[in-house]
Amino acid sequence: MCDDCNVRKRVLIVDDHQPFRAIARELLEDAGYIVAGEAADAGEALAAVAADAPDAVLLDVQLPDRDGFAVATALAAVDGPAVVLISSREADDYGKRIAACGARGFIPKSKLSAAAFAALLE
Amino acid sequence: MTSAAITASPRRGVLRDPVLLLPVAVAAGLAIGWLGVHEGVPGARVAADLALSWALVAASVVMLERPRWRRASWLLAATAFALLGADLEWASSHALWTLGFVIEGLWAAFLVQLVLTFPEGRPWSRAARIAIVCAYAVTFGGQLVGAFVVPDGRDALSVAPHASFAHTVDRAQEISGVAVALVVLFLVVQRLRALRGPARRAQAPLLMAAAVSVPTGVVWLGWAIANDAGTSTLGTIDRAVAVSLPLGVVAGIVWSRLRRPEASELVVELRTEAAAGMRERLARALGDPTLEVAYRLGDGRFVDATGRPIELPQGADRAVTAVTAGGEEVAALVHDPALLDEPALVESVRATAGLVLENERLAAEVRSQLAEVRASRGRIVAAADAERRRIERNLHDGAQQRLVTVSVALGLEASRADAAASDVLSRAQDEVEQAIAELRELARGIHPTLLRDEGLEAAVEALARRTPLPVTVSGTTRDRLADPVELAAYFVVSEALTNVVKHASASEALVLLEREPDALRVTVTDDGVGGASVTADSGLAGLRDRLEALDATIVIESEPRQGTTVCAEIPCGS
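Chains as they are written, first to last, in our numbering: chain A, 1 to 122; chain B, 123 to 696.
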């Protein structure tokens, strides 16, 4: 799909679980994305966005320092990259916070696929 | 805590027993009276001086019944002798005349001190202390200066007789005397308005007498200033009015004693009526609206009638009297220290109240234990909740996180593999997904994350969405409530909806959240078969501890074929 856009999108992966980041990287790269970097917590994520200016962020809700909603809100406030939230919980567990934080959407981690990710970025 | 008596240090002779002052005062008065008559002093003036001094001594003796008034008692006696001493000015002896001249106004300063330190002998305030010092400076100090300069042949202290300077000293004394008197009057009126309860009964008569006597003194001084000369008539009236001061002291004691018949009525009242309202009755009997009753528990702590722990006061502004029954302390009366001056009254109430207070104490002890049990149940539930939250987080961060990674990895490999392998991998992924879903349900049942993050309304709405039949949620909690309240309400809804799904064969259910001023009401209704009951192993029975820790009630209505209504009411303050 990104072959169609001529420009391959650059993605930052934010998750505190390293094995998950590794799988997510493979999955995204298989689909033609460039993984611009990885971050294990909110602080690293904000620093990586400032340094690498990715097109999109795959952002876990539960991070050790601040939660993903705070990161998404901060990025939305500065008109930053598109954010797709992921979590091992379901959307129902977060109520209205997903809609309120300025993210493009939410994918339960177990349902994560390149197609679901791309659909939210369109 | 103020102790019951201030004991006087041992003294000798007349100082040990002021009753002996009576004959001394009578003899001194008669001697001065004879002197006055012999020197041609007007009879009315002699009579006024004798009446005032004898009244002062008599009142000082009456006051001895109150140990805490001992200082005031001595001050009254001193005033009497200062007054008689001032009359030595009638004597022809130069030495006696000079003595009389120097202490001429001392009795008035003594009275100022008496009033502004009444009843315990300490000045009421800093302003009172300053007024007392000024009164002594004006009367005693002024006369002493006058003694050096007054042009009178009888003056033994005369060093530089100077008529106009002596006159100036006189005027200065009179003008500053008026100023001090006005300050005293202000302080007295202020005190009169502030006094309450037993202190008012005991002190108000003297203060009212002062409120009359001080203006009389001001008129006397004012006349002297205006006419540039003293007047014997006004001086006589002034002394006659001052007799109201010792009378006021005695009246205060008598007025306080008038409470006693009410205390004996209490005996009848307490034995015939239930103990409820004990505090009000005791407060009425003792005439102290500030009275508090502290019940003593077996472990020595004190609680109020509702079983709440209270501390006995330590300061001097409150007094504590122990009440015993069968030789054991059952309660403490916390009251105005002025009641310590009426030991007979307190004793009669104490003796009467003992038995009834013993019953009240037992009731208060039970209430206190109930409150403790409830508090401890609350702590147990809260500790369990904290543990559940920890387990939920561990499940989520641990097993669930790893399974999710496995699932995504399987999905990725399935997309890369050939058809046969892809099919196996996809089925494996489905199994893992199923495990994740079950784990998630388990975690939610242990502790609902959404409840903590978003509150009861959002959590109940999520519950409703997950329930496999139509559930309508209405009403509001208005704002966030305490964690235990939200958790209890959530689990009631959760258990009730589980029962609806399992047993009710209902087509729909309704959840209603209602916020009362001091409670949250949660109602879950279905249109199913009814006939439900709470058995020991049902989920709702499992909520008993949680609900009782909050003093909550739960009612289940479930007539056959009428549907089921579960209604919980959880107190939550406002």
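Every residue gets a Cβ at the ideal spot worked out from N, C-alpha and C, and that includes glycine. Predicted model only: the values in this text are computed from it and were never measured.
Residue from the options with nearest C-alpha to residue i
i, options, result
"Val14/A", "Arg8/A, Glu29/A and Asp67/A", "Asp67/A"
"Lys9/A", "Asp16/A, Leu58/A, Ala91/A and Gly105/A", "Leu58/A"
"Ala114/A", "Ser537/B, Gln312/B, Asp648/B and Ala654/B", "Ser537/B"
"Val271/B", "Met185/B, Ile359/B and Asp292/B", "Asp292/B"
"Glu576/B", "Tyr612/B, Pro592/B, Val554/B and Leu564/B", "Tyr612/B"
"Pro337/B", "Arg637/B, Ala610/B, Ala204/B and Ala301/B", "Ala301/B"
"Arg602/B", "Leu532/B, Leu642/B, Ser195/B and Val267/B", "Leu642/B"
"Gly344/B", "Gly409/B, Ala294/B, Phe203/B and Ala504/B", "Ala294/B"
"Ile359/B", "Ala173/B, Thr446/B and Gly567/B", "Ala173/B"
"Ile432/B", "Val595/B, Gly357/B and Ala416/B", "Ala416/B"
"Ser247/B", "Val305/B, Ser298/B and Ser280/B", "Val305/B"
"Thr527/B", "Ala557/B, Ala149/B, Arg499/B and Glu579/B", "Ala557/B"
"Glu464/B", "Leu408/B, Ala473/B and Glu514/B", "Leu408/B"
"Met185/B", "Ala324/B, Ala454/B, Glu563/B and Ala333/B", "Ala324/B"
"Gly319/B", "Gly374/B, Trp176/B and Leu561/B", "Gly374/B"
"Glu514/B", "Asn481/B, Arg566/B and Leu477/B", "Arg566/B"
"Asp649/B", "Gly158/B, Ser680/B, Asn481/B and Ala326/B", "Ser680/B"
"Pro459/B", "Ser280/B, Glu242/B and Ala486/B", "Glu242/B"
"Gly370/B", "Arg322/B, Arg406/B and Glu555/B", "Arg322/B"
"Leu27/A", "Glu535/B, Ser298/B, Ala438/B and Leu221/B", "Glu535/B"
Classification of residue i by the beta-carbon crowding that lies within 10 angstroms, buried from 16 upward
i, result
"Arg89/A", "buried"
"Gln684/B", "exposed"
"Asp545/B", "exposed"
"Pro164/B", "exposed"
"Pro693/B", "exposed"
"Gln18/A", "exposed"
"Ser215/B", "exposed"
"Thr412/B", "exposed"
"Pro64/A", "exposed"
"Asp673/B", "exposed"
"Asp277/B", "buried"
"Phe203/B", "buried"
"Ala285/B", "exposed"
"Asn621/B", "buried"
"Val677/B", "exposed"
"Asp410/B", "buried"
"Arg188/B", "buried"
"Ile502/B", "exposed"
"Ala153/B", "exposed"
"Val7/A", "exposed"
"Gln436/B", "exposed"
"His160/B", "exposed"
**Prompt:** Using a Cβ cut-off of 8 Å, which residues of the region 12-35 of chain A contact any Cβ in chain B, in chain order?
**Reply:** His17, Pro19, Phe20, Ile23, Ala24, Glu26, Leu27 and Asp30
**chain B contacts from the region 78-92 of chain A (Cβ-Cβ distance under 8 Å)** = Ser88, Arg89, Glu90 and Asp92
**Prompt:** At which residue ranges does the region 273-360 of chain B contain complete alpha helix (DSSP H) runs of 4 or more residues, listed in the order of the chain?
**Reply:** Runs of the alpha helix (DSSP H) lying entirely within the region 273-360 of chain B, each at least 4 residues long, are 285-316 and 319-349 in chain order.
**Whole runs of the alpha helix (DSSP H) within the region 494-577 of chain B, excluding any shorter than 4 residues** = 523-538, 541-568 and 571-576
**Contact list for the region 502-534 of chain B against chain A, Cβ threshold 7 Å** = His518, Gln522, Gln523, Val526, Thr527, Ser529, Val530, Ala531, Gly533 and Leu534
**Request:** Please name the residues in the region 586-605 of chain B whose beta-carbon is closer than 8 Å to at least one beta-carbon of chain A, in chain order.
**Result:** Arg587 and Arg588
**Asked** In chain order, what residues of the region 543-577 of chain B put their CB closer than 9 Å to some CB of chain A?
**Response** With the criterion set as a beta carbon lying under 9 Å from some beta carbon of chain A, the members of the region 543-577 of chain B are Gln551, Val554, Glu555, Ile558, Ala559, Arg562, Ala565, Arg566, Pro570, Thr571, Leu572, Asp575, Glu576 and Gly577, in sequence order.
**Message:** Contact between the region 474-491 of chain B and the region 344-358 of chain B is defined here as three or more beta-carbon pairs at a separation below 8 Å; is this criterion met?
**Reply:** no
**Prompt:** Counting only runs that start and end within the region 211-249 of chain B, where is the alpha helix (DSSP H) found for 4 or more residues in a row?
**Reply:** 216-224 and 228-238
**Message:** Below 8 Å, how does it come out for the region 236-243 of chain B and the region 206-218 of chain B: are there three or more Cβ pairs, yes or no?
**Reply:** no
**Asked** Can you give, in chain order, each stretch of the alpha helix (DSSP H) that sits fully within the region 392-467 of chain B and has at least 4 residues?
**Response** 400-408
**Request:** Kindly confirm or deny that the region 627-634 of chain B and the region 586-593 of chain B touch, where touching means at least three C-beta pairs closer than 8 Å.
**Result:** yes
**Request:** Say whether the region 332-348 of chain B touches the region 357-376 of chain B, bearing in mind that this needs 3 or more beta-carbon pairs closer than 8 Å, one atom from each stretch.
**Result:** yes
**Message:** For the region 102-118 of chain A, list every residue whose C-beta sits within 9 Å of some C-beta in chain B, in sequence order.
**Reply:** Pro108, Lys109, Ser110, Lys111, Leu112, Ser113 and Ala114
**Message:** Quick check for students: name the residue ranges of the beta strand (DSSP E) that lie wholly in the region 13-73 of chain A, counting only runs of 3 or more.
**Reply:** Counting only runs of 3 or more, we get 34-39 and 56-60.
**Message:** By the 8 Å beta-carbon criterion, what residues does the region 442-476 of chain B contribute toward chain A?
**Reply:** Within the region 442-476 of chain B, no residue qualifies.
**Prompt:** Which residue spans inside the region 654-681 of chain B form an unbroken alpha helix (DSSP H) run of at least 4?
**Reply:** 666-671
**Asked** What residues from the region 649-672 of chain B come within 8 Å of chain A, judged by C-beta to C-beta, listed N to C?
**Response** none
**Request:** Mind the definition here: the region 307-317 of chain B touches the region 444-457 of chain B only if three or more C-beta pairs lie below 8 Å; say whether that holds.
**Result:** Inter-segment contact for the region 307-317 of chain B and the region 444-457 of chain B is absent: fewer than three beta-carbon pairs are separated by less than 8 Å.
**the region 68-88 of chain A touching the region 494-502 of chain B, judged by at least three CB pairs closer than 8 Å** = no
**Request:** Could you name each continuous beta strand (DSSP E) segment of 3 residues or more that falls completely within the region 585-633 of chain B, going from the start of the chain to the end?
**Result:** 593-597
**Item:** Stretch pair the region 86-103 of chain A + the region 44-52 of chain A: three plus CB contacts closer than 8 Å
**Value:** no
**Message:** Across the region 593-610 of chain B and the region 107-121 of chain A, are there enough close Cβ pairs to call them in contact, namely three or more that are closer than 8 Å?
**Reply:** no
**Request:** Pick out the complete beta strand (DSSP E) segments inside the region 140-213 of chain B, 3 residues or longer, and give them in chain order.
**Result:** none
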